[in-house]
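Colleague:
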Amino acid sequence: MRAFKVVFFIGLLVLAPWRAALAQTTGDFQPFLGDFVGQVVYAGPAGLAKRDLEVSVRRERGGFSLKWTTISQKSSGKLKRAEHFVAFAPAKRPGFYAATDRINRLGVRIPIDPLAGDPQVWAKINGKTMTVYAVLITDDGKHEVQTYERTLVPGGMELNFSRVRDGKPLKAITAKLQSKEQGINLR
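Note that my numbering has the sequence shown beginning at 2, numbered continuously upward.
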C-alpha cells in the first residue's frame, strides 16, 4: 500500500506541469463552448436561397470539437442536410489548434490525407474570434480555401464564411447565430 502511495504522489508531481499547461491552452476556446443556431438568406445560383445553420463547440480530449450543420431546400422542395465534424488539439503555437486524425467506426485512427481529398484544417483563436481555415486540393490539382470566422457577440456569435478557389471568390455569407437557448429549432 505504501508503494502505491509513493507512486501516486510521484505521478501527481509529474502531471502537475502538464495540467497547468493544459489549463492555459484550454482557456482560449472555453468562451466558444455551446450550441448556436440561426438562418441566412443569400444569393445562390438560382436566386435567393435560405439556410438553417447550427454550430456546436464541445470540449474534447484536451482540445475542442466543432460540429456544424446546414439545412437548405432544393428547388424540388427536398431538404438537404450537411453535417461536418472536426476535433482540434492544441498546437505548439499559442492560440492555434490542429485538426486531429479522424476515427472510423471501429475506433481506428485515419490520418488526414489532403491528396485524397481531405481538407487540411486548423483553427486560430484571437480574443473573441475563432477562425477555422480549410484548404482543399481540387481534382484538377488547384486549391480551395474556406474560411469560417466566428466572433462572439452578445447573445451568440456572428459567422463570416468565404470560399475562394485559386484566388477567385466563389461565396461569401454572413450570419448571426443565437445561443441555442434563445434561438430557433432546426427542421
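Every residue, glycine too, gets a C-beta built ideally from N, C-alpha and C.
Could you spell out the range, first to last residue, of the beta strand (DSSP E) harbouring residue 57?
Modeller: Residue 57 sits at position 56 when you count from the first residue of the sequence shown. Counting along the chain, the beta strand (DSSP E) containing residue 57 begins and ends at 48-61.
Colleague: Restricting to runs no shorter than 3 residues, where is the beta strand (DSSP E) found entirely within the stretch 129-163?
Modeller: Runs of the beta strand (DSSP E) inside the stretch 129-163: 130-138, 144-154.
Colleague: So, at 6 Å on beta carbons, what are the nonlocal neighbours of residue 70 in its own chain, with the 5 sequence-adjacent residues on each side left out?
Modeller: For the purposes of this step, residue 70 is taken as residue 69 along the sequence shown, with counting starting at 1. Here the set comprises 55, 84.
Colleague: Is the stretch 37-44 in contact with the stretch 113-127, if contact means three or more CB pairs nearer than 8 Å?
Modeller: No: the two stretches stay apart, fewer than three of their Cβ pairs being nearer than 8 Å.
Colleague: Between the Cα of residue 60 and the Cα atoms of 156, 102, 91, 136, which residue gives the shortest distance?
Modeller: Along the sequence shown, read from residue 1 onward, the residue named residue 60 stands at position 59. Among 156, 102, 91, 136, the Cα nearest to that of residue 60 belongs to 91.
Colleague: For residue 133, which residues from the same chain have a beta carbon less than 6 Å from its beta carbon, with the 5 sequence-adjacent residues on both sides left out?
Modeller: Numbered from its first residue, the sequence shown carries residue 133 at position 132. Closer than 6 Å at the Cβ level, and outside the excluded window around residue 133, lie 124, 149.
Colleague: Does DSSP put residue 34 in a helix, a strand or coil?
Modeller: As a working note, residue 34 is residue 33 in the sequence shown. Note: residue 34 maps to coil in three-state DSSP.
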